[in-house]
Each structure stands twice: as structure tokens, then as C-alpha cells.
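Step one of this worksheet: look at the structure below.
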Amino acid sequence: MILPVLIFFTLFSYVPMVGIYYAFTKFDFNKGLLHSPFVGFENFKFLYKSGILFKMTKNTILYNVAFIFIGHFLKMTMAIMLSQVPGKLFRKTSQSMMFLPHFISWVLVGAMVYQLFNTDHGFLNSILKAFGFEPYSFYNQVAPWKYILVLADVWKGVGFGTVVYLAALLGINEEYYEAARIDGASIYQQIRYITIPLLMPTFVLLILFSLGHILKGQFDMFFQIVGTNGILYDSTIIIDTYVYRTLTVNFDIGMGTAAGLYQSFFGFVLIMTVNYIIRKTCDDYALF
Numbered sequence: 203m204i205l206p207v208l209i210f211f212t213l214f215s216y217v218p219m220v221g222i223y224y225a226f227t228k229f230d231f232n233k234g235l236l237h238s239p240f241v242g243f244e245n246f247k248f249l250y251k252s253g254i255l256f257k258m259t260k261n262t263i264l265y266n267v268a269f270i271f272i273g274h275f276l277k278m279t280m281a282i283m284l285s286q287v288p289g290k291l292f293r294k295t296s297q298s299m300m301f302l303p304h305f306i307s308w309v310l311v312g313a314m315v316y317q318l319f320n321t322d323h324g325f326l327n328s329i330l331k332a333f334g335f336e337p338y339s340f341y342n343q344v345a346p347w348k349y350i351l352v353l354a355d356v357w358k359g360v361g362f363g364t365v366v367y368l369a370a371l372l373g374i375n376e377e378y379y380e381a382a383r384i385d386g387a388s389i390y391q392q393i394r395y396i397t398i399p400l401l402m403p404t405f406v407l408l409i410l411f412s413l414g415h416i417l418k419g420q421f422d423m424f425f426q427i428v429g430t431n432g433i434l435y436d437s438t439i440i441i442d443t444y445v446y447r448t449l450t451v452n453f454d455i456g457m458g459t460a461a462g463l464y465q466s467f468f469g470f471v472l473i474m475t476v477n478y479i480i481r482k483t484c485d486d487y488a489l490f
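490 is the number that the numbering used here gives the last residue of the sequence shown; the numbers go up by one with no jumps.
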């Protein structure tokens with residue numbers, strides 16, 4: 203039964219690792235992989251000296267930290283709130299409506315964001331014009347996009363994550379709540395002293411899984427919402443979009459592979475470090 207899994211990961215995860223060699227070459231399409239000039243760590247040196255490495259790493263980490271912690275906090279909060287709703291029909295309807303954005307593609311989300319924020323006929327600017335104000339050019343301003351991108355990610359993902367936390371809530375023994383109610387505990391006290399502590403292992407585990415991808419930015423979201431807008435480049439560039447632009451615009455396979463290899467290596471070191479700290483502080487929450 204494990205054979206299909208081994209074949210899958212061998213073909214799609216281990217065999218492609220041969221391409222890591224691109225990161226140490228000045229790739230020439232005429233000469234191919236084996237005969238392109240070997241340049242050692244020159245591609246990595248260029249990324250470091252140009253400042254682009256620090257910029258895209260900072261953006262990738264900060265955006266993902268916001269996505270992870272704000273997202274998981276809201277998912278857990280919504281799950282707790284839904285579990286306390288007495289009406290089954292209302293709870294099921296709300297859960298379904300929250301889950302729906304998960305199935306909407308980022309292409310459609312990007313179109314929705316554009317219809318909200320574009321200067322000429324966007325929904326928000328149409329309201330501003332109706333009240334006699336000057337339209338606000340969102341796509342020429344850097345400041346709003348850190349909030350727009352976080353809001354878009356939370357809106358699309360909170361429903362799916364809520365279902366995960368609701369499943370964890372179903373695993374809590376009802377006897378704990380019955381004992382607490384007999385002792386006179388209020389709803390808020392039950393949530394504080396029973397629900398949240400028993401949800402923490404799930405919360406920590408999901409955070410650890412998410413940290414493993416903290417350097418793997420959501421390319422679909424950034425590309426579909428921001429696109430190739432040069433004005434927003436410095437504040438929205440992440441490693442994934444840089445690799446894409448390097449490979450499709452500059453056709454520099456060596457530089458793009460170097461950025462991708464840096465992303466994978468740094469992410470591996472990060473998850474190993476975080477897991478080591480968790481294992482030393484609370485061994486029950488560690489991944490391994």
C-alpha cells in the first residue's frame with residue numbers, strides 16, 4: 203500500500219532535486235544543464251548584495267506570520283463561537299457560508315478585489331465620488347495593501363480552518379462541561395478553563411505545520427491580486443513571485459533556482475529550530 207506513495211514522492215520530489223544544480227550555474231539554453239558555466243555561489247552573492255534577498259525574505263516572513271497567527275486566532279474564535287450557538291440550523295448555515303470562500307479561486311478573488319478598489323469604477327471609489335470626495339488610488343499607494351492582502355487571506359481561509367477546530371471541539375468530553383456547570387461555571391469560564399486549554403494542542407500543532415511553509419508565500423494570491431504592479435513591488439514581493447518573474451521575464455534559471463533553494467533550505471532550518479524549542483519547552487506539542 204505504501205508503494206504508490208513512494209513512487210509519487212520519488213518522481214515528483216526527489217528526481218526533480220537534480221535541478222538544484224541550476225543554482226550554481228549561469229544557465230545557457232544552448233549548452234544545457236551539464237555544460238552551462240559553473241559559477242559556484244555567485245548567484246547567491248548577487249541576491250545578497252543587491253538587497254533583494256533581505257527584502258523578499260522580510261516580506262515573505264511578515265506576511266506569513268500575519269496570515270498564520272491572525273488566521274488561526276480567528277479560526278479558533280469562530281469555532282468556539284459556533285459551538286455555543288444553540289440553533290442547529292443557524293449554526294449549519296453559518297458554517298456553510300463561511301466555508302464557501304475556500305472553494306473560490308484566487309483568480310476570482312483578484313477580480314473581486316479589483317472591482318472593489320480600482321480608481322475609475324471601483325465600489326469604494328464610487329461611494330467616495332457619490333459623497334463628493336476625491337477617489338483614492340489604491341493601486342498607486344503602498345500602505346493599504348498589507349491590510350488588503352491579510353484580509354483577503356483570512357476571508358478565504360477562515361471557514362476551512364474553523365471546520366478543523368470544530369472537529370477538535372467534538373473530541374472534548376462533555377463530562378468536563380457538565381462538571382463545570384454543576385460547580386456554577388459560566389459560559390465564559392467554561393471556554394477559558396476547559397475549551398481553550400484543550401484546543402491548545404491542536405492550535406500549536408497547526409501552527410507548527412504552518413511554520414514549515416512560512417517561506418513559501420501564497421503565489422496565487424499575490425500574483426492575482428497585485429499582479430505585476432511595479433509601484434507595489436517593494437512592499438509585496440515575496441520569494442515565490444521573485445522566482446516567477448526571474449524565470450519568465452529575465453529567463454535567468456540560475457538566479458531563480460538559487461532563490462528557490464534558499465527558500466527551501468531556510469524553511470527547513472526554521473521548522474527544525476522551532477520544533478526543537480517546542481520539544482524542549484513542552485514535548486507533547488512537538489512534531490517529532
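A virtual CB, placed ideally from N, CA and C, is assigned to each residue, including glycine. Predicted model only: the values in this text are computed from it and were never measured.
Cα-Cα separation, residue i to residue j
| i | j | result |
| --- | --- | --- |
| Ile329 | Ile396 | 46 Å |
| Val207 | Tyr390 | 45 Å |
| Met474 | Asp442 | 22 Å |
| Thr459 | Lys257 | 17 Å |
| Met457 | Ile440 | 15 Å |
| Ala198 | Tyr316 | Outside the displayed span of the chain (203 to 490) sits residue 198, for which this structure offers no information. |
| His274 | Val311 | 21 Å |
| Asn431 | Ile416 | 24 Å |
| Ser388 | Ile398 | 14 Å |
| Phe340 | Asp436 | 15 Å |
| Asn452 | Ala354 | 30 Å |
| Glu377 | Arg383 | 10 Å |
| Ile272 | Phe292 | 25 Å |
| Leu302 | Leu400 | 28 Å |
| Gly386 | Arg394 | 14 Å |
| Leu253 | Thr259 | In the sequence as presented, Leu is not what sits at residue 253; that position holds Gly. Cα to Cα, Gly253 sits roughly 10 Å from Thr259. |
| Ala461 | Tyr223 | 13 Å |
| Asp477 | Ile427 | Inspection of the sequence shows that residue 477 is occupied by Asn rather than by Asp. Roughly 33 Å between the two C-alpha positions. |
| Ile374 | Asn266 | 30 Å |
| Phe467 | Ile282 | 37 Å |
| Asp486 | Ile270 | 21 Å |
| Ser296 | Gly289 | 11 Å |
| Gly429 | Lys358 | 18 Å |
| Thr212 | Ser298 | 38 Å |
| Ser215 | Phe421 | 19 Å |
| Asn261 | Ile306 | 25 Å |
| Ser412 | Asn342 | 32 Å |
| Phe325 | Val344 | 19 Å |
| Phe348 | Ala381 | Note on identity: in this sequence residue 348 is Lys, with Phe being the wrong assignment. If you take the alpha carbons of Lys348 and Ala381, they lie about 45 Å apart. |
| Ser238 | Phe229 | 5 Å |
| Thr450 | Pro346 | 28 Å |
| His304 | Val352 | 15 Å |
| Pro218 | Ile433 | 35 Å |
| Thr483 | Val356 | 30 Å |
| Leu408 | Leu472 | 15 Å |
Chain-order list of residues whose beta-carbon lies under 6 Å from that of residue i (same chain, five-residue window excluded)
| i | result |
| --- | --- |
| Ser285 | Leu371 |
| Met423 | Trp308 |
| Gly363 | Lys277 |
| Asp454 | Thr448 |
| Gln465 | Leu417 and Ile441 |
| Val287 | Arg293 |
| Val445 | Gly458, Ala461 and Gly462 |
| Leu255 | Leu249 |
| Phe243 | none |
Counterpart residues of residue i in DSSP-defined beta bridges
| i | result |
| --- | --- |
| Phe269 | Paired residue(s): none; Phe269 is not in a bridge. |
| Phe240 | Thr227 |
8 Å Cβ shell around residue i - same chain, five flanking residues per side excluded
| i | result |
| --- | --- |
| Met300 | Met280, Val360, Gly361 and Thr364 |
| Gly469 | Gly414, His415, Ile416, Leu417 and Lys418 |
| Met314 | none |
| Ile204 | none |
| Ile263 | Ile416 and Leu417 |
Cβ neighbours of residue i in the same chain (closer than 7 Å, five flanking residues each side left out)
| i | result |
| --- | --- |
| Phe240 | Phe226 and Thr227 |
| Thr404 | Tyr367 and Ala370 |
| Asn327 | Thr321, Pro337 and Tyr338 |
| Tyr379 | Gln392 and Ile396 |
| Ile209 | none |
heavy atom of the ligand FMN below 6 Å from residue i C-beta
| i | result |
| --- | --- |
| Phe362 | Looking at this structure, you won't find the ligand FMN or any other ligand, since it has none at all. |
Whole beta strand (DSSP E) elements within the region 376–410, 3-residue minimum: none
Whole runs of the beta strand (DSSP E) within the region 330–378, excluding any shorter than 3 residues: none
Minimum length 4: unbroken alpha helix (DSSP H) runs contained in the region 267–323: 290–301 and 308–319
Inside the region 405–462 only - alpha helix (DSSP H) runs reaching at least 4 residues: 421–427, 435–438 and 441–450
At least 3 beta-carbon pairs within less than 8 Å: the region 327–342 vs the region 240–258: no
Contact the region 229–245 vs the region 321–328: 3+ CB pairs below 8 Å: no
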